[in-house]
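Per my numbering, the sequence shown runs over residues 1 to 440.
Glycine included, C-beta positions come from ideal geometry on N, C-alpha and C.
This one's a predicted model, so the numbers in the text were calculated from it and none came from an experiment.
All remarks here apply to the structure that follows.
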Amino acid sequence: MPTIWAGATHGQHGAAYLEFARVSAQPVTQPLYVLMSPPALPAAAVARPRSDSEIPLRKPAVLVLEDGSVFHGTSIGADGTRVGEVVFNTAMSGYQEILTDPSYLRQLVTLTYPHIGNVGVNPEDEESGAVQAAGLIIRDLPILPSNFRMQETLDVYLERQNVVGIADIDTRRLTRILREKGAQNGCILAGETIDVDAALAEARGFPGLKGMDLAQHASTQEAYCWTQGVWQLSTGLPEPVKPIGDQLPYHVVAYDYGIKRNILRMLVERGCHVTVVPAHMPAATVLALEPDGVFLSNGPGDPEPCDYAIDAIRELLETDIPMFGICLGHQLLGLACGARTLKMKFGHHGANHPVQDLKTGVVMISSQNHGFAVDEDSLPPTVEATHRSLFDGSLQGIHHRERPAFSFQGHPEASPGPHDVAPVFDHFIDLMRERKANLV
1 MPTIWAGATH GQHGAAYLEF ARVSAQPVTQ PLYVLMSPPA LPAAAVARPR SDSEIPLRKP
61 AVLVLEDGSV FHGTSIGADG TRVGEVVFNT AMSGYQEILT DPSYLRQLVT LTYPHIGNVG
121 VNPEDEESGA VQAAGLIIRD LPILPSNFRM QETLDVYLER QNVVGIADID TRRLTRILRE
181 KGAQNGCILA GETIDVDAAL AEARGFPGLK GMDLAQHAST QEAYCWTQGV WQLSTGLPEP
241 VKPIGDQLPY HVVAYDYGIK RNILRMLVER GCHVTVVPAH MPAATVLALE PDGVFLSNGP
301 GDPEPCDYAI DAIRELLETD IPMFGICLGH QLLGLACGAR TLKMKFGHHG ANHPVQDLKT
361 GVVMISSQNH GFAVDEDSLP PTVEATHRSL FDGSLQGIHH RERPAFSFQG HPEASPGPHD
421 VAPVFDHFID LMRERKANLV
């Protein structure tokens, strides 16, 4: 007879215990979970089948890499087919921030930490208005997520946003393949019908991220103002600052190549009111806004095809307006200064990357998310290297010797990750303060 799963609660003195048991022809009790004050079970909180005699409770899914590697698993999101570059992120937390980071556009994100979804999702942790990753790849989806901020489960969130995801695969094996062979194009196929050959053809048909301009697709199409500060544990997200007045004395124009919300919040926290503008906005239009500083945001794709951005940055470098770039913005600043960029073997994606300040020798742990880098050997004499990765020696920061312009490859705003590199925001403020003082 088919195996049946049954559950019951027991307890006394305010303590509750939830026990699942498997009932068959000869009942065998197998306790699976012990919980204090368990929440109501979500619809997804059911055991997966362990044999052919059990009824599957999730649809099948498959991940196929361009090299022919096949990973069978279960679907944890929408039905459908998604292709992209398969990358791995080693962060142990912050999966919602990772999924909603526009830098992950057209990428299938593998999370190496085994249990993903354990605290659910909530609107405050989103780094943009929607999931930006093409798909999600994980080892295990906990069936009983719980957190005081949780508003829905991860699988429901993915399905609602029409994002394909796969669980129950060997992410360690997948990560080894990516480390040894480099980033691979891949395809996730989820639903009742699984066609491995079709998925392989889709994976091999993906053109790859090199040469792909994605910043224009990740960017806002209309300029807008941002005055909301950072999240606090006791109060959550604050209300936007109104009126701006003396509370936010610095006007920063931020180019949106795929900007994260926490970058904007950290600028506001340091006294900036931010005008976010489209990636294609000409330098003359930006200068007409009379900014105290210009920010070049993070974003997805290859920086080299972004001629519109590189040209605008070159024009802005002719002024004395301070400029600060992060991630893709760092690469674009490097290109505008005359350096070259290169595609990395498997990129940097994680929250534990050590970076050294070359001037002070201080080592900082940083959050990283990039598949391209500025070639340090190509830096012109007018640009100096300021930071370097202690993992692979790749360039992590630059500063113009003659202009108040600098950039950092990693993510000093974290979200998720450590805040060791946050002082680079303070350097940006110092440059704007110095310029304003000289104008008086």
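- For R82, the enclosing beta strand (DSSP E) covers residues G80 to N89.
- Nearest in C-alpha terms to L237, of all of M281, K210 and D125, is D125.
- Taking a 10 Å sphere around the C-beta of E413, we find 16 or more other C-beta atoms and assign the residue as buried.
- Burial state of N298 is buried, judged by a 10 Å Cβ sphere holding 16 or more other Cβ atoms.
- Look at P123 here: in three-state DSSP terms it is helix.
- The beta carbon of Y104 sits closer than 6 Å to the beta carbons of Q132 and A133 from its chain, once the five residues preceding and following it are set aside; these are given in chain order.
- Following the DSSP letters along the chain, one finds K345 inside the beta strand (DSSP E) bounded by residues T341 to D357.
- Contact annotation: F346 and A183 have beta-carbon atoms nearer than 7 Å.
- Rounded to whole angstroms, the Cβ separation of V86 and V196 is 16 Å, and the two are not in contact under 8 Å.
- F372 carries a strand assignment under DSSP once its states are collapsed to helix, strand and coil.
- S146 counts as exposed, since fewer than 16 other C-beta atoms from the protein chains shown sit within 10 angstroms of its C-beta.
- If you draw a straight line from the Cα of Q368 to the Cα of Y113, it is about 16 Å long.
- Between K59 and G229, the gap from beta carbon to beta carbon reaches 7 Å or more.
- Taken through DSSP and simplified to helix, strand or coil, L63 comes out as strand.
- In this structure, I143 lies away from G73, with their beta-carbon atoms at least 7 Å apart.
- Distances from the CA of T193 to each of V62, G165, H399 and Q232 were compared; the closest alpha carbon is that of V62.
- If you draw a 10 Å sphere on the C-beta of A130, you find fewer than 16 other C-beta atoms in it, and that means exposed.
- The region 304-311 makes no contact with the region 237-251: fewer than 3 CB pairs, one atom from each, lie closer than 8 Å.
- In the DSSP assignment, F406 falls outside any alpha helix (DSSP H) and within the unbroken beta strand (DSSP E) covering A405 to F408.
- Between the alpha carbons of Y157 and L141 lies a distance of about 13 Å.
- With contacts defined by Cβ atoms closer than 7 Å, A167 and I188 do not form a contacting pair.
- Relative to the Cα of H427, the nearest Cα in the group M281, V83 and F406 belongs to F406.
- Restricted to the region 151-213, the beta strand (DSSP E) segments that are unbroken, complete and at least 3 residues in length are 164-167 and 184-190, listed in chain order.
- Just so you know, the alpha carbons of V64 and R401 end up roughly 47 Å apart.
- Beta-carbon to beta-carbon, G120 and Q151 are separated by about 7 Å, close enough to satisfy the 8 Å threshold.
- Here T227 is not bridged, per DSSP, to any residue.
- Look at G271 here: in three-state DSSP terms it is coil, with no helix or strand label.
- If the five residues before and after H273 are omitted, its C-beta is found closer than 8 Å to the C-beta atoms of C225, W226, T227, V241, I244, L248, Y250, H251 and V252, all from its own chain and listed in chain order.
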